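Last residue of the sequence shown? That's 237 in the UniProt record's numbering, and every number before it is there in order. What follows is one structure encoded as structure tokens, with my remarks underneath.
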Amino acid sequence: MGFSSSLPQLVWDTKGLVVVVLVLVSHGTVLFLQVVRGVVESLKIITRQASLRVAEYAFHYAKANGRERVSAIHKANIMRKTDGLFLKCCREVAEKYPEITYEEVIIDNCCMTLVKNPGTFDVLVMPNLYGDIISDLCAGLIGGLGLTPSCNIGEGGICLAEAVHGSAPDISGKNLANPTALMLSAVMMLRHLQFNDQADRIHNAILQTIAEGKYRTADLGGKSSTSDYTKAVCDHI
1 MGFSSSLPQL VWDTKGLVVV VLVLVSHGTV LFLQVVRGVV ESLKIITRQA
51 SLRVAEYAFH YAKANGRERV SAIHKANIMR KTDGLFLKCC REVAEKYPEI
101 TYEEVIIDNC CMTLVKNPGT FDVLVMPNLY GDIISDLCAG LIGGLGLTPS
151 CNIGEGGICL AEAVHGSAPD ISGKNLANPT ALMLSAVMML RHLQFNDQAD
201 RIHNAILQTI AEGKYRTADL GGKSSTSDYT KAVCDHI
């Protein structure tokens, strides 16, 4: 699950934007086979069990967090069997949540709408490949991967919270990295564990630090080190 939320006093004009991206990470176009030299085949796997599970989580999350809309992102106009099954499962779950608006959006149109009018969306649910692309697009809308948290949640409720960005070896050991995504991932983990008060304290401290503008890392237009920025956040807790 990726969570893209605009932060205060940044240059990107997406104030108030919150888009939740729920991705079925275990399914999608991820397997590659080479049977004949010079020809590589890509295999897409979609199962009813996993599709129902991620759809149920999407609607449950929407209801629990006061969200009004769930959008299933697909390419069923081309991939009629695989994405068609995914949509069928989403529709089945949607019937149990009449208070939540449900819609189906082709991935092409989803990308265009996210750029033109991202506030149209609320909770997005999709297979792995689409989510891998859409989550980075949403990260760009709020200022970059340095601000974007994520949380991998297993069937048994066990979660792995992590920043969506890579290891950034070019700035390793230089005290320059933006720790916001990692901090916000910890916030997501705390909320998942129902430590909501602690999550709110950390989240509010991050927002206050960025809003003040005194301490920001280079990717946010500032000159602060990782340590200075982190200390400022800690001072606000």
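Cβ coordinates follow ideal geometry from the N, Cα and C atoms, glycine included. In this text, all values refer to a predicted model and were calculated from it rather than measured experimentally.
Next on the checklist: Just to confirm my understanding: we take R201, look at its own chain, exclude 5 residues before and 5 after, and list those with CB closer than 6 Å. What are they?
Outcome noted: I237
Checklist entry - Given that a residue counts as buried once 16 or more other Cβ atoms are within 10 Å of its Cβ, and exposed if not, what is L43? => result exposed
Checklist entry - Per DSSP, M126 is paired with what? => result V23
Item to check | Neighbourhood of V11 by C-beta, 6 Å cutoff - its chain only, sequence neighbours within 5 removed | outcome: Interpretation of V11 is limited by its pLDDT of 44, a score under 50 that renders its predicted location unreliable; the figure taken from the coordinates is listed afterwards. If we look at V11 and ignore the five residues flanking it on each side, it has no Cβ neighbours.
Item to check | the segment 109-125 / the segment 58-65 touching (three or more Cβ pairs under 8 Å) | outcome: yes
Checklist entry - Since A186 and A205 are thought to touch, with beta carbons under 8 Å apart, how far apart are those beta carbons, to the nearest angstrom? => result That belief does not hold up - the Cβ atoms of A186 and A205 are roughly 12 Å apart, past 8 Å.
Next on the checklist: Using only CA atoms, which one of C234, L190, V21 and P98 lies nearest to I210?
Outcome noted: C234
Item to check | Stretch pair the segment 105-119 + the segment 145-157: three plus CB contacts closer than 8 Å | outcome: no
Item to check | Inter-residue spacing [alpha-carbon to alpha-carbon] between K96 and V21 | outcome: 21 Å
Checklist entry - Mapping DSSP to helix, strand and coil, what is D13? => result Legend: pLDDT at D13 = 48, less than 50; position of this residue unreliable, value from coordinates given subsequently. Coil.
Item to check | Between the CA atoms of H203 and E212 - distance to the nearest angstrom | outcome: 14 Å
Checklist entry - Where does D83 land, buried or exposed, given buried means 16+ other C-beta within 10 angstroms? => result buried
Item to check | Nearest neighbour of L24, chosen from L33, Y130, A199 and E68 [CA to CA] | outcome: Y130
Checklist entry - Per DSSP, R69 is paired with what? => result T101
Next on the checklist: Looking at the secondary structure, which residues open and close the alpha helix (DSSP H) in which L114 lies?
Outcome noted: I107 to K116
Next on the checklist: Taking contact to mean 3 or more Cβ pairs, one atom from each stretch, closer than 8 Å, check whether the segment 51-58 and the segment 86-104 are in contact.
Outcome noted: yes
Next on the checklist: I'd like to confirm the pairing. Which residues does DSSP put opposite I133 in its beta bridges?
Outcome noted: In DSSP, I133 forms no bridge with anything.
Item to check | Nearest-angstrom Cα separation, counted from V39 out to T180 | outcome: 43 Å
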